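Visitor: Chains as they are written, first to last, in our numbering: chain A, 11 to 324; chain B, 3 to 520; chain C, 97 to 407. Note that CB positions come from ideal geometry on N, CA and C, so glycine has one too. Model, not experiment: these values are computed from the prediction.
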Amino acid sequence: MIRFLVRRIPSVALVLVATSVIAFLLPRLVPGDPAAVVAGPDATPETIAAIRTELGLDRPLVTQYLDWVRGLFTGDLGQSLQYNRPVSELIGDRLASTVELAVLAGIFLVVFGIGLGILAGSARSRWARVLVEGTNTGLLAAPPFLVGLLFILLFGVAFRVLPISGEISVLENPSIGIQYLLLPALALALPMSAGVARLVQTRMLAVRQEDFIDLAVSKGVSPRRIDVRHVLRNSLGPAVVAIGIRFGDLLAGAVVIEAIFARNGLGQLAVSGAQSSDYTVVQVLIVGAVFIAVVGQLLTEIVLAALDPRVRLG
Amino acid sequence: MNTTMNVSPRKAGIVAMALASVLVTGCQSAVQQAEDQAAAPSAAASCQAGGTLTIASSQPALLNNVLAQSQANLGWVRAVFEPLVNVVNGDYADPQPALATEWAYADDDRSVVLTLRDGVTFHSGRALTAADVVWTFQKALEPATTSDVKAILAGWTVEATGDMEVTITSESPLSPVLASTLSLTPILDSETYDELASGAQIVGTGPFTVQSYTPGGDMVLVRNDAYWGEAAPLDEIVVTLITDSTAQVSAIRSGRTQLSLGLTIQDATTVSTDPQYQLVDTVFGAYPLVLDPSGPLADVAVRKAIDMAIDRARINEQVFSGQGTTTGLYWSPTAEDYPADLENAVPYDPDAARQMIEEAGATGAAVPITILATPVLQAEYEIIANNLTAIGLVPSVNALASADYQQRLAAGQGGTYLSLRGINGGASFAVQTNADLRLANPHRTFASPEYTDLVTGVVQAGADESADAVHALTEYMIDQSFVLPMVTSTGKGLATADLVNATFALGGLVPTETCLAQ
Amino acid sequence: MTKALPVPGSPSDGAPVPAVEDTAQQVPPAGRSRRPRGGGAWSRYASALRTPKGMAAAVLLVLLVAVAVLAPVIFPGGYDQQARGALQGPSGGHWLGTDEFGRDILVRTVYGLRTDLSLILTAVPVSLVIGTLLGLSGYLSKPLGAVTQRILDIILGFPGLILGIMIVLVIGTGWLALFMAIVIAGLPGFGRMARGGLLSEQQREYVLAARVLGVKRSTIMVRHILPNVVDPLLVQASVFMVVAIFIEAGLSIVGLGINPPNPSLGAMLNVGARYVQSLPSYVIGPGAVLLLLALAFTLLSDALNQAATRR
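So, in structure tokens, the structure goes:
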């Protein structure tokens, strides 16, 4: 495994370099001047130009890029144009919130995704299968904004069981913190788990047709043992890959859920940065997200290899 | 790699039950905790002593914008920083003393002597003097500083004529603009100003000091016990960021916040009919459609037709839940020179408008409209587009993000656009500072010698001539139809019914008497 | 995958997803191309449509497309007939009630379906084709394959909504920007899937045999490999259809979706969510249509998948 990781380092490095260039250029391609946002709605062009100089935006692009990259290596992620604070601080304040949500949503995703998939794949009676598949399709078609809002209305307003606004860090106060996390994590994970469930279900049905399953049945192995030991283990591969892909979504993109549950996470920071052309913030978030996705990809391959001996870490 | 994946249902069930039991037993409900915190000790009087007011703001605090009025800062900036006077309820003629106790105009209305209040100290302990006032006004004039009133300050000379006395001299009449200009320029601390933008030091003279500030996040204010006036009733004010409008409603319904600023009026009115909540007036603004007199709109008849085609009443009803007014005038109705007789001068008459368009040969003309991609402006656009289509024009929308929108408008390249402007003074103040109306660096593209003359007339008019000057200017604006106010409206915040004395002056909430009823 | 909000369905839904370097995919007996003798791929798909699932899917889809195409005929007044009576409940004149500008919600729902279908039925196939070509390009030359893989990795890792926002802001709001956003968002999923199929197919004996016979690489790629990898891709495409709608919905929330007054299902759901307690029909209309769309594509992908795994 170590050799596998080492062999991947050059391509990871290449991806990060390319990403840094794209992350630098793409926000600047978007029309608009961040200095205009900082200057306020009634500002004169003179004020905007002065602020532009103050923010260092009129230096040549190459200089700005090199300065930024140099800073990345020394841990200086740059200064937010909007807030005048180090980007590392802005991210640090929100990292815990986003990670907590992503972890719990990830757990739900695994549990519900695989659970639903197993239910659908091993359902014997026709009615059970229709019911589970129906739930699955419903979840697939569930708009994220609406699901979150319905959760809020149901569990926060109609029956005041769980908090629906704000957050308390799980590290600070575990028992309270997790209550704040429950609804957002569920709202985030449930619709996504439908996709994973379909993967598991489809694969289970396909694997069932394999010859080695027939062999096991003819040997008299119990259906449950077949399901668990043979079918399931061979079906989880694609689910793992899908979860790995989704995890990137969880971290970088839970924007809607964060918005409606009033959580102060990275997603909000990213969107407000993109909308007000806060180059420095957006740049770092893009590079960070791609890096996490690449790491996730490697982890996925390792897990896949663990699950399926036919897969060799290439 | 021969591990068996063991996901037996029994084990899963055990785990689930364990989780459930942890949550159910011996674990305090977060909802209960929030309710406990919100319920403060009760007092006999209607205003309880102490307590925490949590304010939701739709935008994070903008620390480099304290010398301008902005939605982002409405909740906290007047708790920390104070101007020389405060204008409440649009009473420009009679402002309330804040850091200035007296002001004496000269006979020619070209200079005023302000007496500063004794015993005012900054949160750092330093005493306020006239030098601080002079410094603040000079700072506001600097190119890189964001200030609403630069254009007016540019024509002023501000001098410290004593330790606690400031004299302001101007070339144009002062009384129409003084209160608004002073009220929008809080006095800052020169010693800590350099660290204000980053939030490292936020030092003012106000009834609350900043205990903690998370950039782009929460701000916690605590009562300033060394305040020059009576100590504020509240112990603490927390301004928290909740960007989504419906999330703001959820927050107030769940008891997490008591005041919501920056939510859409449509969201506010989904619960404001409930007696547990109330609408709070914030700051007055206008929502104009500014026409670009080029192409088909160069013809004043076409512009007039557009003016007549827009169903302002329906915009008020459906976008502003009936909370605004549709006089068709840009001015604040509380100003003394307000031309009341010109209200609703242009009737809503789509049939006549259609005919005018046909006669002008503009049927089928394209009318691209630039908007900032916010819910209110988008909703306005939908109705306006519907109206314009009905009279034979072809509207199209150009929805921009704020960086692009602000830049284009500032460069005079906005074309025809929809905007939102704060109205913070009488006509003279508006034509000098408002970006749609002013002569220097306007956002509008319309220009004409008559307009310049009439605006100058308003600015230079003395007290007795101002009503006529404003009337003449307004008539011209109605005739030329290049700035069409859709709706003027006091902004609305949503508050719980137990919030008392939430007074909004120019610039934001003034919490000197704000408290929570028991 | 999706480059937007956390959405259900990854590109690999309903089909085996190979890892980049190797496959966990079901492996047909080595050496035998899955192209059936006689009939070809089309007859296999046709037979998929004859199953109950396939038929239901086809009927549903045809119905939805027909309603969308015929919208101007069924509702000649268009989707922007505003009036004073806003947010009224269902009545004889307005079966689903009226929206915040007095427009009929049912009419808007149908036109919204039209807008969404016009987007997804064009953008998803384009994304599918380009993504597949990118994924298969590895067969033409290894370095080319490596480069395209890295490009797809970058797009995949890009934070979804940010990518969408920036694409829309660069191109300017409207149909074209959304089209581009959806196409780009789908590329990594299709590309990965195609490449996975490529990796498992390119070692097959029939491919090696063709090479030995001197057939050009590009010909092999299109005529031999492609038909054998297209099955999971089609399945993935059908899931991505619904995901694409949510991409537009996500951009609508930040005001960068389809230009008003043009309706779209996602935007209507966003606005209707505010009124879910006072006027539930506002979300029930578009929500039900979305559900039907998802159901149709799900059934279709299931039917196609079953046909694909049949031997």
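What first and last residue would you give for the alpha helix (DSSP H) that runs through B/Q203?
Guide: Segment: none, B/Q203 is in no alpha helix (DSSP H) and carries neither H nor E.
Visitor: Tell me, which residues are paired with B/N88 by DSSP?
Guide: Answer is B/Q98, bridged to B/N88.
Visitor: Name the residues in the region 365-379 of chain C whose C-beta lies less than 9 Å from a C-beta of chain A; which are they?
Guide: From the region 365-379 of chain C, only L365, N366, G368, A369, R370, V372, Q373, V379 have a Cβ closer than 9 Å to chain A.
Visitor: Looking at C-alpha atoms only, which residue of C/M364, C/D398, C/A392, C/A242 is the closest neighbour of C/R204?
Guide: Ranking the options by Cα distance to C/R204, first place goes to C/M364.
Visitor: Within 8 Å of any Cβ in chain C, is that where the Cβ of A/S21 sits?
Guide: For A/S21, the answer is yes, since a Cβ of chain C falls inside 8 Å of its Cβ.
Visitor: Tell whether a beta-carbon distance below 8 Å holds between A/P201 and A/P154.
Guide: The answer is yes: Cβ separation under 8 Å.
Visitor: Within its chain, find whatever has a CB closer than 8 Å to the CB of C/Y141; leave out the 5 residues flanking it on each side and keep chain order.
Guide: Cβ neighbours of C/Y141 beyond the five flanking positions: L400, A403.
Visitor: If I measure Cβ to Cβ from B/V433 and keep anything under 8 Å in the same chain, skipping five residues before and after, which residues do I get?
Guide: Answer for B/V433: L439, R440, L441, V457, V460, V461, L475, listed in chain order.
Visitor: Between which two residues does the alpha helix (DSSP H) harbouring A/E64 extend?
Guide: 55-64 is the span of the alpha helix (DSSP H), which, as asked, contains A/E64.
Visitor: Straight-line CA distance for C/V335 to C/F342?
Guide: Roughly 12 Å between the two C-alpha positions.
Visitor: Of all the residues that make up the region 502-514 of chain B, which are near chain A by a beta-carbon distance shorter than 9 Å?
Guide: Listed in sequence order: no entries.
Visitor: Measuring only the C-alpha atoms, how far is A/G50 from C/Q184?
Guide: Straight-line Cα distance between these residues: approximately 39 Å.
Visitor: Cα separation between B/V378 and C/Q177?
Guide: Each residue's alpha carbon lies about 20 Å from the other.
Visitor: Under 8 Å between C-beta atoms, does C/R307 make it to chain B?
Guide: No, because no Cβ of chain B sits closer than 8 Å to the Cβ of C/R307.
Visitor: Do you know whose CA, among A/I302, A/V120, A/P20, A/Y75, lies nearest A/S203's CA?
Guide: Checking every option, the nearest Cα to that of A/S203 belongs to A/V120.
Visitor: Can you look up B/A63 in the DSSP assignment and give me helix, strand or coil?
Guide: Three-state result, B/A63: coil.
Visitor: Mind reading off the beta-carbon distance from B/T103 to B/T117? Whole number of angstroms is fine, and I expect it under 8 Å.
Guide: Contact holds; Cβ gap of about 5 Å.
Visitor: Let me check one thing: in DSSP terms, what residues is B/A401 bridge-paired to?
Guide: Its beta-bridge partners are B/I373.
Visitor: Keeping to the same chain, check which residues put their C-beta closer than 7 Å to that of B/V26; ignore five residues upstream and five downstream.
Guide: Here the model assigns B/V26 a pLDDT of 47, short of 50, so the residue's position is not dependable, and the following value carries that caveat. Contacts found: none.
Visitor: Would you kindly check if the distance between the Cβ of A/V180 and the Cβ of A/L191 is under 8 Å?
Guide: In this structure, A/V180 lies closer than 8 Å to A/L191 by Cβ.
Visitor: Name the residues in the region 263-284 of chain C whose C-beta lies less than 7 Å from a C-beta of chain A; which are they?
Guide: Residues passing the 7 Å Cβ filter: L265, V266.
Visitor: Looking at chain C, is there any beta carbon in it that lies within less than 8 Å of the beta carbon of A/G102?
Guide: It does not; no Cβ of chain C falls within 8 Å.
Visitor: For A/I178, which three-state DSSP category applies?
Guide: A/I178: coil per DSSP, three-state reduction.
Visitor: With 8 Å as the limit, tell me which residues of the region 379-394 of chain C have their beta carbon closer than that to any beta carbon of chain A; keep them in chain order.
Guide: If the cut-off is 8 Å between Cβ atoms, the region 379-394 of chain C has V379, G383, L386, L387, L389, A390, L391, T394 near chain A.
Visitor: Here's a check: name, in chain order, each residue in its chain whose Cβ is nearer than 8 Å to the Cβ of B/A142, leaving out the five neighbours to either side.
Guide: The answer, listed in chain order, is L69, S149, V151, K152, L155, T187.
Visitor: Counting pairs of beta carbons, one from the region 502-514 of chain B and one from the region 278-287 of chain B, are three or more of them closer than 8 Å?
Guide: The region 502-514 of chain B vs the region 278-287 of chain B: in contact.
Visitor: Please state the DSSP three-state secondary structure of B/A368.
Guide: It is a strand residue.
Visitor: What is the DSSP secondary structure of B/A228, reduced to helix, strand or coil?
Guide: Of the three classes helix, strand and coil, the one that applies to B/A228 here is coil, per DSSP.
Visitor: So which residues on chain A does B/I386 lean against when the C-beta distance must stay under 7 Å?
Guide: Per Cβ cutoff of 7 Å: no residues; B/I386 is ~20 Å from chain A at best.
Visitor: Based on the DSSP secondary-structure assignment, which residues constitute the bridge partners of B/R423?
Guide: Looking at the DSSP assignment, B/R423 forms a beta bridge with B/A288.
Visitor: Please report the straight-line C-alpha distance between B/H473 and B/P341, rounded to a whole angstrom.
Guide: Cα to Cα, B/H473 sits roughly 6 Å from B/P341.
Visitor: Is the Cβ of A/T29 closer than 8 Å to any Cβ of chain C?
Guide: Taking Cβ atoms only, chain C reaches closer than 8 Å to A/T29, which makes this a yes.
Visitor: Is DSSP giving A/T145 helix, strand or coil here?
Guide: A/T145: helix per DSSP, three-state reduction.
Visitor: For B/S468, which of B/T138, B/R119, B/P175, B/V115 has the nearest alpha-carbon?
Guide: For B/S468, the nearest C-alpha among the options comes from B/P175.
Visitor: Return no unless some Cβ of chain B is closer than 8 Å to the Cβ of C/N324.
Guide: No, C/N324 does not count as interfacial toward chain B.
Visitor: Give the DSSP-derived three-state secondary structure of B/A249 in the structure shown.
Guide: Three-state result, B/A249: helix.
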